[in-house]
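When we follow my numbering, the leftmost residue of the sequence shown carries the number 3, and every step to the right adds one.
Heads up: the structure comes next, in structure tokens.
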Amino acid sequence: MDCPTRYGGTHADNAFLIGPGMALDPHTYFIVVPDMLGNGV
Numbered sequence: 003m004d005c006p007t008r009y010g011g012t013h014a015d016n017a018f019l020i021g022p023g024m025a026l027d028p029h030t031y032f033i034v035v036p037d038m039l040g041n042g043v
């Protein structure tokens with residue numbers, strides 16, 4: 003599953019979605035969160 007960040011955001015902005023029992027459970031999905039352009043990371 004690809005979960006992109008908003009423009010200017012970073013991967014840390016999506017941390018609340020990822021974890022056991024959350025919307026993006028790493029035991030169910032292989033999760034890739036690319037940082038978008040312009041975020042400085």
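No residue lacks a Cβ here, since even glycine has one placed at the ideal position from N, Cα and C.
Residues bridged to residue i [DSSP beta-bridge criterion]
| i | result |
| --- | --- |
| Leu19 | None, per the DSSP bridge assignment. |
| Leu26 | Ile20 |
Whether residue i touches residue j by CB criterion (8 Å)
| i | j | result |
| --- | --- | --- |
| Asn16 | Val35 | yes |
| Pro22 | His29 | yes |
| Asp37 | Thr7 | yes |
Closer than 7 Å: residue i CB and nearest the ligand ADP heavy atom
| i | result |
| --- | --- |
| Leu19 | For the ligand ADP, the structure offers nothing, since it holds no ligand at all. |
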